[in-house]
Amino acid sequence: MKNNVLLTASDRRYGDFLIEHWFRSLRENSDLGNIDVAVMDYGLSLAQHYYLEKHGIITRKGKRDGHVAVIRYREMRDFLTETAYNQVALCDSGDIIFQGDISPVFQQDTSSYRAVCEDYKPFFSVFISSDFFDPADRQRLSECFIHNRMVNGGFIVAPRDRMIHLADECLSTIRDMTRFGPDQIVLNGVLYEEGFVELEKTYNYVIATAKEGVSVESGVVKTANGRMPLVVHNAGNLGLLRPIEDFGYGPERNKLKEDTLNALKTLYQSTEGFFKTQELFIESRRRFRTRLRKMIRNLRLID
Numbered sequence: 086m087k088n089n090v091l092l093t094a095s096d097r098r099y100g101d102f103l104i105e106h107w108f109r110s111l112r113e114n115s116d117l118g119n120i121d122v123a124v125m126d127y128g129l130s131l132a133q134h135y136y137l138e139k140h141g142i143i144t145r146k147g148k149r150d151g152h153v154a155v156i157r158y159r160e161m162r163d164f165l166t167e168t169a170y171n172q173v174a175l176c177d178s179g180d181i182i183f184q185g186d187i188s189p190v191f192q193q194d195t196s197s198y199r200a201v202c203e204d205y206k207p208f209f210s211v212f213i214s215s216d217f218f219d220p221a222d223r224q225r226l227s228e229c230f231i232h233n234r235m236v237n238g239g240f241i242v243a244p245r246d247r248m249i250h251l252a253d254e255c256l257s258t259i260r261d262m263t264r265f266g267p268d269q270i271v272l273n274g275v276l277y278e279e280g281f282v283e284l285e286k287t288y289n290y291v292i293a294t295a296k297e298g299v300s301v302e303s304g305v306v307k308t309a310n311g312r313m314p315l316v317v318h319n320a321g322n323l324g325l326l327r328p329i330e331d332f333g334y335g336p337e338r339n340k341l342k343e344d345t346l347n348a349l350k351t352l353y354q355s356t357e358g359f360f361k362t363q364e365l366f367i368e369s370r371r372r373f374r375t376r377l378r379k380m381i382r383n384l385r386l387i388d
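Offset between the sequence shown (1-based) and our numbering: plus 85.
Below, the structure is given as structure tokens:
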């Protein structure tokens, strides 16, 4: 066992992408000398499972009783409880490729959570509902979401004990684990409550919400100023919302959907004012309640 581990999750549907693009790009660009790679298996085919094990990847069978992005926290928690890794990275697998060496991030700020904040805030507030959370948690998480920039959970790094704690919070707070989305809300609540170190965007470059534009040259994704992100994240719950089609690793891959990207940026820009208005409303309500309590205390003193 190595000192650090990179964890992800996959099923049969995304298993080929995991092997041919996610893992291939990771292996060819990163120093894995001190990093184990582990995959939470939610229904990989026998061929996919065989390939991973033959290439030294740890696989752990998971129970497919919910959305993989949410229930992976359960298998991650159990896996980390049974092992003694120092640093842990949790990473998406179906919409991420690696273009450079991510190993240095395991040596930076090793006592803290580390993650990337998105430039624009997607509509994740729709997941702060009674379907997913109890009333007290909804209130707390809603205020956190409105007041802060959104941390993207596609690539996060933390010491083992903190990652176990994050998993416990997700599993104890989320009421419905069968649908996409609520884990991102809990992750933001935990990181803003306990503190985190914001990583450079190169460690999780979310194309859809990055203010800086992108280009594609021979399959390589670059920012507008020519930088090459280490981790490229083609995020979007629906395929139509992903700004790159034929996403993957190789010179023939990655066709930028400029119309989709421009539409997404216009949409996110137009909603920035909405979130600022919500923030002002919450602050005004807080001040009103403070003044009201003070008035009540003063009246009691007069009586």
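No residue lacks a Cβ here, since even glycine has one placed at the ideal position from N, Cα and C.
Name the two residues that bound the continuous beta strand (DSSP E) containing residue i.
| i | result |
| --- | --- |
| Ser115 | Ser115 -> no beta strand (DSSP E), and no H or E assigned at all. |
| Val271 | That residue, Val271, is in no beta strand (DSSP E); its alpha helix (DSSP H) goes Pro267 to Glu279. |
| Phe183 | Ile181 to Phe183 |
| Tyr198 | Tyr198 to Cys202 |
Considering only the alpha carbon of each residue, which of the options lies closest to residue i?
| i | options | result |
| --- | --- | --- |
| Thr258 | Ala243, Asp216, Lys296 and Asn237 | Asp216 |
| Asn88 | Lys342, Gly118 and Arg145 | Gly118 |
| Arg225 | Ser210, Gly238, Asn237 and Cys202 | Ser210 |
| Ile156 | Pro267, Val316 and Arg234 | Pro267 |
| Asp261 | Ala154, Pro189, Ala243 and Glu297 | Ala154 |
| Ile231 | Phe265, Lys206, Leu251 and Asp222 | Lys206 |
| Ile292 | Gln269, Lys148, His318 and Asn114 | His318 |
| Gly298 | Val201, Pro314 and Tyr127 | Pro314 |
| Gln218 | Thr195, Ala200, Val173 and Arg264 | It is worth fixing the name first, because residue 218 is Phe in this sequence and not Gln. Nearest option by C-alpha distance: Arg264. |
| Phe164 | Asp121, Leu129, Gly128 and Ser130 | Asp121 |
| Arg199 | Arg223, Met235, Gly239 and Ala243 | Ala243 |
| Arg338 | Lys307, Ala320, Val301 and Thr345 | Val301 |
| Phe183 | Asn171, Thr195 and Asp116 | Asp116 |
| Asn273 | Ser227, Glu160, Gly333 and Gly100 | Ser227 |
Can you give me the C-alpha to C-alpha distance between residue i and residue j, rounded to a whole angstrom?
| i | j | result |
| --- | --- | --- |
| Lys139 | Ile104 | 12 Å |
| Asp180 | Pro220 | 33 Å |
| Met125 | Asp246 | 19 Å |
| Leu352 | Cys176 | 27 Å |
| Asn347 | Ile143 | 40 Å |
| Ala132 | Asp186 | 28 Å |
| Leu91 | Glu254 | 20 Å |
| Glu364 | Ile241 | With a pLDDT of only 46 at Glu364, under 50, the local geometry of the prediction cannot be trusted, and the value read off the model is given with reservation. Approximately 26 Å, taken between the alpha carbons. |
| Glu167 | Ile249 | 11 Å |
| Met86 | Ala169 | 9 Å |
| Glu343 | Phe212 | 28 Å |
| Arg370 | Ser214 | Low confidence applies to Arg370: its pLDDT is 49, below 50, so where it sits in the model is not reliable, and the reading given next is rough at best. Near 21 Å, if we compare the C-alpha coordinates of Ser214 and Arg370. |
| Phe359 | Cys229 | Note that Phe359 has pLDDT 47, beneath the 50 cutoff, so the model's placement of it is unreliable and no number is given. |
| Asp68 | Glu203 | This structure cannot speak to residue 68, because the chain is shown only from 86 to 388. |
| Trp107 | Val305 | 14 Å |
| Gly147 | Asn310 | 42 Å |
| Val424 | Arg109 | Missing from the structure shown is residue 424; the chain here goes from 86 to 388 and no further. |
| Leu284 | His134 | 32 Å |
| Arg98 | His152 | 13 Å |
| Pro336 | Tyr127 | 30 Å |
When DSSP builds the beta bridges, which residues end up paired with residue i?
| i | result |
| --- | --- |
| Glu302 | Val305 |
| Asn89 | Ile120 and Gln172 |
| Met125 | Ala94 and Arg145 |
| His318 | Ile181 and Val291 |
| Glu330 | Lys340 |
Taking DSSP as the reference, what is the three-state secondary structure of residue i?
| i | result |
| --- | --- |
| Asn237 | strand |
| Pro244 | strand |
| Lys296 | coil |
| Ser104 | Looking at the sequence provided, one finds Ile at residue 104 rather than Ser. Three-state result, Ile104: helix. |
| Ile249 | helix |
| Glu283 | strand |
| Lys340 | strand |
| Phe366 | The predicted model places Phe366 with a pLDDT of 42, which falls under 50 and marks its position as unreliable; any figure quoted below should be read in that light. Looking at Phe366 - three-state DSSP - the assignment turns out to be helix. |
| Asn43 | This structure cannot speak to residue 43, because the chain is shown only from 86 to 388. |
| Thr345 | helix |
| Thr263 | coil |
| Phe360 | Residue confidence for Phe360 is low, a pLDDT of 46 falling below 50, so the modelled location carries little weight and cannot support an answer. |
| Tyr99 | helix |
What residue range does the alpha helix (DSSP H) around residue i cover?
| i | result |
| --- | --- |
| Val153 | Val153 to Glu167 |
| His232 | Pro220 to His232 |
| Tyr135 | Leu131 to Lys139 |
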